[in-house]
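Have a look at the structure below, then the notes.
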Amino acid sequence: EAGVAQSPRYKIIEKRQSVAFWCNPISGHATLYWYQQILGQGPKLLIQFQNNGVVDDSQLPKDRFSAERLKGVDSTLKIQPAKLEDSAVYLCASSLDRGELFFGEGSRLTVL
Amino acid sequence: AQKVTQAQTEISVVEKEDVTLDCVYETRDTTYYLFWYKQPPSGELVFLIRRNSFDEQNEISGRYSWNFQKSTSSFNFTITASQVVDSAVYFCALGRRPNTGNQFYFGTGTSLTVIP
């Protein structure tokens, strides 16, 4: 069974530039999550999708972050414009009803 | 509100020592799930165990064991005879399952270093 796929693995941008991350969840997983993990901290939920609908985006900085999950499968997370404090690893995860979260390898963003 | 506390920020042990990672959680739900994840230096979070709130039986898997105690809201993780490969950051997480899909709350993690 293929795992959660994410790309790119690494991205370096200047502040005020834009960046997009892509995630393809495990086949059949209805729930998809984007987490932000700042160095030395635990994952923080940015947005949760159930199929192609948003369940929770209460911690998503909507003035600069956006995410979509077209057709209820893969998802894109965008940051525009990026700030220095956005430097982090962006983790995508998916789950079934059983409850385990399966994580991708993450996309490490450095904002200079 | 849901909350997970991992009071130990960093732990160092010498290889072959036993080590216990503490996890305390808060929830008002009667049904919930508890998890441990391992994050090695490569960065990917690896699932270790899932426990349902109605199952307090402790579990052992090789050198790993978990002690779930609802009375103290704790879900501690013990590594017996630690090895260098156990060096990683370990996260405890609380899961709940409203109709809108599973929700997860992570602790801040415990960084374990096993010294050869």
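For the record, the sequence lines run as chains A and B.
The numbering of the first sequence is my numbering, which starts it at 1 and goes up by one.
The numbering of the second sequence is my numbering, which starts it at 1001 and goes up by one.
Using N, Cα and C, we set each Cβ at its ideal position, and we do this for glycine too.
Short Cβ contact (8 Å threshold) for residue i with residue j
i                  : j                  : result
Thr-1113 (chain B) : Ser-1012 (chain B) : yes
Ala-20 (chain A)   : Thr-76 (chain A)   : yes
Gln-1039 (chain B) : Val-1089 (chain B) : yes
Leu-1021 (chain B) : Phe-103 (chain A)  : no
Ser-66 (chain A)   : Val-89 (chain A)   : no
Gly-1107 (chain B) : Thr-1005 (chain B) : yes
Phe-1068 (chain B) : Glu-1056 (chain B) : yes
Residue from the options with nearest C-alpha to residue i
i                  : options                                           : result
Val-1084 (chain B) : B:Ala-1001, B:Lys-1016 and B:Asn-1067             : B:Lys-1016
Phe-49 (chain A)   : A:Arg-69, A:Pro-43 and A:Gly-3                    : A:Arg-69
Ser-95 (chain A)   : A:Ser-18, A:Pro-8, A:Ile-26 and A:Lys-71          : A:Ile-26
Asn-1087 (chain B) : B:Asn-1102, B:Trp-1066 and B:Ser-1111             : Before going further, note that residue 1087 (chain B) is Ser rather than Asn in the sequence given. The option with the nearest alpha carbon to Ser-1087 (chain B) is B:Ser-1111.
Lys-83 (chain A)   : A:Gln-17, A:Gly-42 and A:Tyr-10                   : A:Gln-17
Gly-1062 (chain B) : B:Gln-1006, B:Gly-1095, B:Ile-1079 and B:Val-1014 : B:Ile-1079
Ile-47 (chain A)   : A:Pro-81, A:Thr-31 and A:Gly-106                  : A:Thr-31
Rounded C-alpha distance that separates residue i from residue j
i                  : j                  : result
Cys-1092 (chain B) : Asn-51 (chain A)   : 26 Å
Ile-79 (chain A)   : Arg-1028 (chain B) : 35 Å
Ala-93 (chain A)   : Trp-34 (chain A)   : 7 Å
Val-1024 (chain B) : Tyr-1033 (chain B) : 13 Å
Arg-1097 (chain B) : Ile-1060 (chain B) : 26 Å
Arg-1051 (chain B) : Phe-1035 (chain B) : 6 Å
Asn-1076 (chain B) : Glu-14 (chain A)   : 42 Å
Gly-99 (chain A)   : Tyr-1105 (chain B) : 12 Å
Gln-37 (chain A)   : Val-4 (chain A)    : 17 Å
Gln-41 (chain A)   : Lys-71 (chain A)   : 32 Å
Next item on the list: Select from the segment 1055-1071 of chain B all residues with a C-beta closer than 9 Å to any C-beta belonging to chain A, and list them in chain order.
Entry: none
Checklist line | Interface positions of the segment 1001-1027 of chain B facing chain A (Cβ-Cβ less than 9 Å), listed along the chain | finding: Val-1004, Gln-1006 and Thr-1009
Notebook entry, point to check: What are the residues of the segment 82-100 of chain A that lie near chain B, defined by any Cβ-Cβ distance shorter than 9 Å?
Noted result: Val-89, Leu-91, Ala-93, Ser-95, Leu-96, Asp-97, Arg-98, Gly-99 and Glu-100
Notebook entry, point to check: What are the residues of the segment 1096-1115 of chain B that lie near chain A, defined by any Cβ-Cβ distance shorter than 8 Å?
Noted result: Arg-1097, Thr-1100, Gly-1101, Asn-1102, Gln-1103, Phe-1104, Phe-1106, Gly-1107, Thr-1108 and Gly-1109
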